[in-house]
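Written below as structure tokens is the structure these notes are about.
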DNA sequence: GAGAATAAGTTCAGAAAATAAACAAAGCAA
DNA sequence: TTGCTTTGTTTATTTTCTGAACTTATTCTC
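Chains as they are written, first to last, in the numbering used here: chain W, 2 to 378; chain B, 2 to 378.
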């Protein structure tokens, strides 16, 4: 186990990137002397390493960064069948991969994980010794402690303390998290939002998910429901949504909704890309659908900016492109619906993510707990 | 100056309310022995005091709370002329009050404050010695460090480092803050949101302001613009707003907008209460206006809940009531536009605040900095 | 009502962590 | 070269925290 100063140091580095001892000491409010010792310990633990040497006036400074192989994290996605189980290093690289059959029984899941873990670890030397946590991503609401699944429609769960069950079977510190939030964390730790303190990730997929980072930490909300933008009302008295209300963003702008609208219009489009192609050829129905979806998503993001003033909006998507009509309309809708003073002030990045996002996201939850830890005062 | 452990202790108490030494030790992760010493020092400093004795099994525990007269904070409101200057104790009670002429010149303001401060302090013995900070509330955007006013239309300012100027003249640690955010902080420290970690305050007035607390700390957003719900688009292609876009919440639901709509309808109503009375008498125009305003505000708050899942929405208002048609429609609109699963899960409290809110809010900014401090890692 | 049980808070020696100040190291600039 | 500048280390010292035993104040049980 690490001391709190060591943890704090890792946290600072993971947020500010490689830094010299002197800079780290200043930003943590410690003396150079104290920093010297802390760094020495972490280097000998293999968690930290010296990288670049920066030359300036005076003695050059040596940058310190997390050692990619300083710690490993396991990640399981319960969103696919068979469920992937990956092993990630400190950089988010997947260094080993296994699958296991998906189950709805928490005890079976725990047993399967305990079963598969040794196989996973054997693929990479040192990983066993340095395995520092296990993360599980699932669709549903998760409690504040990332220990219990409050509710999952997909898995048919209610108040299932999965983390504890898995921890007991495997002996590894385990945390569970909602899928969108897990992806957000992996972007914060491994992806394009490393150095941003306050930002929101919008995951664009069959459904629309969202997660916020505030002060460098995942913000979950009081019931774990922060970021449920999919069900904010965008078209008052619009189409009924499966959630029970009407006009939710989910009914207009999710990939599923777009596909359904295309089908209803008699278009033979099976993907967003198809639809974009149709639209570029002048198909009025395709243009209408993309326009409607793009402005709905843009309006929701504009609200997000107005409400929370994040430093970055990161849109992750498995399918589709954001450089076509849909993306253009979306960006226009954002700019047109934020305070003119702020227009263009909030960068909106899109990022295509591959198939192992969920499992990697799950692993990042464990890494997040290792680095940032649970709520410190 | 306090040590970091002492500060942390004050922070915990200000957030969790009176607690025993043992409970405090546990919640801060310290030993009882360490706590014993820290508490002893703070009591002898006059910042902490023993209050209630709780009997249970075993030796009774003694609750510790902030000493109301342990520290005093000055607060200045630049929203009124003459500008009020108040002195608050640790409970938010105003123990002294002065006014000074309002100016737009930062140097004049600083000089006036330095001039008025001794008069203020002479009203309350001990206050001079225990004055622990000065806060200034103004209308506009304030930077992350609460030191500089980035932009204020009302004062005609752009990048005015007011806090530093005042600090230099008075020698007291000074912080400035946006009006709505200052009120939010005073609700967190002194008001109805003491024990809530994540909540939002909506200030309902001529304009609509909003501020978020996340993890017990004021969240300002990346450009200090978090909480600008007044200019989120509620009625797409609605009436033009002074901000440059259309259909902002501000154009439909602010007190000013409501009054203007009433005037445009030829109603002789000069207050929200008048309008409520008209509506209760069956006046169709009055009903229409209140309905429109209430559902707009409700929809915005519903979005807020969907986006951020706060533990509490606190609506502060100087004028008007929230138990009439306006409030009812507002609440219905909230319930109708959040995920049915969450309906009724987020308490919405309204609180009438008196004329000295801004000045007290300003003082609470200083208290917030004393207790919670600037961003700790 | 006496003693047992229970839990809060204190004391104190010793361990752990941080600091200050002096110093060594590694470059640049004249 | 000889300073100058800045990073990082060393060491003695101070500050802060812990562990374990102890005192204190109450309720519970017989």
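Every residue gets a Cβ at the ideal spot worked out from N, C-alpha and C, and that includes glycine.
Since the model is a prediction, treat every value here as computed from it, not as a measurement.
(1) Hey, which unbroken runs of the alpha helix (DSSP H) at 4 residues or more fall wholly within the stretch 133-171 of chain B?
(2) Going by the DSSP bridge assignment, what does residue 218 of chain B pair with across the sheet?
(3) Tell me the DSSP secondary structure of residue 369 of chain B in three-state form.
(4) So what does DSSP say about residue 101 of chain B, is it helix, strand or coil?
(5) List the endpoints of the continuous beta strand (DSSP E) containing residue 54 of chain W.
(6) Residues of chain B with CB closer than 7 Å to the CB of residue 305 of chain W, please, in chain order.
(7) Do you know offhand how far residue 97 of chain B's Cα is from residue 64 of chain W's?
(8) Starting from residue 346 of chain B, follow its DSSP beta bridges and name the residues at the other end.
(9) Measuring alpha carbon to alpha carbon, tell me which residue in W:247, W:212 and W:192 is nearest residue 452 of chain W.
(10) Give the straight-line distance between the Cα atoms of residue 338 of chain B and residue 235 of chain B, rounded to the nearest whole angstrom.
(11) Can you check DSSP and say which residues form a bridge with residue 179 of chain W?
(12) State the DSSP-derived secondary structure class of residue 129 of chain B, mapped to helix, strand or coil.
(13) For residue 1 of chain B, which residues does DSSP report across the bridge?
(14) With respect to the alpha helix (DSSP H) encompassing residue 23 of chain B, which residues constitute its N-terminal and C-terminal limits?
(15) Between residue 29 of chain B and residue 11 of chain B, how many whole angstroms is the CB-CB distance? I'm expecting something under 8 Å.
(16) Assuming residue 49 of chain W and residue 40 of chain W are in contact, meaning their beta carbons sit under 8 Å apart, how far apart are those beta carbons, in whole angstroms?
(17) Cβ-heavy atom distance between residue 153 of chain W and the ligand SAH below 7 Å?
(18) Pairing CB atoms from the stretch 221-234 of chain B with CB atoms from the stretch 323-342 of chain B, are three or more of them under 8 Å?
(19) Using C-beta distances below 6 Å, list every residue in its chain close to residue 212 of chain B, excluding the 5 sequence neighbours before and after it, in chain order.
(20) Output needed for residue 68 of chain W: all residues of its chain with C-beta closer than 7 Å, excluding positions within five of it in sequence on either side, in chain order.
(21) Using the Cα positions of residue 108 of chain B and residue 5 of chain W, report the straight-line distance between them to the nearest angstrom.
(22) Do the stretch 165-182 of chain B and the stretch 100-118 of chain B make contact, defined as three or more Cβ pairs closer than 8 Å?
(23) Is the Cβ-Cβ distance between residue 137 of chain W and residue 177 of chain W less than 8 Å?
(24) In the DSSP assignment, the alpha helix (DSSP H) including residue 252 of chain W goes from what residue to what residue?
(25) At 9 Å on the CB atoms, spell out the chain B contacts of residue 317 of chain W, in chain order.
(26) For the putative contact between residue 174 of chain W and residue 134 of chain W, defined by C-beta atoms under 8 Å, what is the C-beta separation to the nearest angstrom?
(27) Which first and last residues belong to the beta strand (DSSP E) in which residue 316 of chain B is found?
(28) Report the CB separation of residue 121 of chain W from residue 88 of chain W in whole angstroms; it is logged as a contact under 8 Å.
(29) Assuming residue 341 of chain W and residue 200 of chain W make a contact with CB atoms under 8 Å, what is their CB distance in whole Å?
(30) Let me check understanding here. Comparing Cα to Cα, which of W:85, W:307 and W:112 lies closest to residue 101 of chain W?
(31) Here's a check: name, in chain order, each residue in its chain whose Cβ is nearer than 8 Å to the Cβ of residue 248 of chain W, leaving out the five neighbours to either side.
(32) What first and last residue would you give for the beta strand (DSSP E) that runs through residue 85 of chain B?
(33) Strictly below 7 Å CB to CB, what residues from chain B border residue 338 of chain W?
(34) Pull up the distance between the alpha-carbon of residue 31 of chain B and that of residue 367 of chain W, whole angstroms please.
(35) For residue 74 of chain W, which of W:129, W:160 and W:83 has the nearest alpha-carbon?
(36) Name the chain B residues that come within less than 8 Å of residue 215 of chain W, Cβ to Cβ?
By the coordinates alone:
(1) 163-171
(2) For residue 218 of chain B, the pairing in a beta bridge is given by DSSP as B:215.
(3) helix
(4) strand
(5) For residue 54 of chain W, the enclosing beta strand (DSSP E) begins and ends at 49-55.
(6) 308
(7) 53 Å
(8) None; residue 346 of chain B has no bridge partner.
(9) As displayed, chain W neither begins before 2 nor continues past 378, which places residue 452 of chain W out of reach and without an answer.
(10) 13 Å
(11) BP columns for residue 179 of chain W point to W:139.
(12) helix
(13) With chain B represented from 2 up to 378, any question about residue 1 of chain B goes unanswered, as that position is not in the structure.
(14) 22-29
(15) Between residue 29 of chain B and residue 11 of chain B, the beta carbon gap of about 11 Å keeps them out of contact (Cβ cut-off 8 Å).
(16) 6 Å
(17) As presented, the structure is devoid of all ligands, the ligand SAH included, so that no description of it is given.
(18) no
(19) 181, 182, 185, 202 and 228
(20) 47, 48, 49, 50 and 91
(21) 44 Å
(22) yes
(23) The Cβ atoms of residue 137 of chain W and residue 177 of chain W sit closer than 8 Å to each other.
(24) 251-254
(25) In chain order: nothing, as chain B lies at least about 18 Å away.
(26) 5 Å
(27) 314-318
(28) 5 Å
(29) Approximately 22 Å separates the beta-carbon atoms of residue 341 of chain W and residue 200 of chain W; this is outside 8 Å, ruling out the contact.
(30) W:85
(31) 234, 235, 236, 237, 238, 239, 240 and 242
(32) 84-89
(33) 234 and 246
(34) Cα to Cα, the separation comes out at about 25 Å.
(35) W:129
(36) 215, 216 and 220
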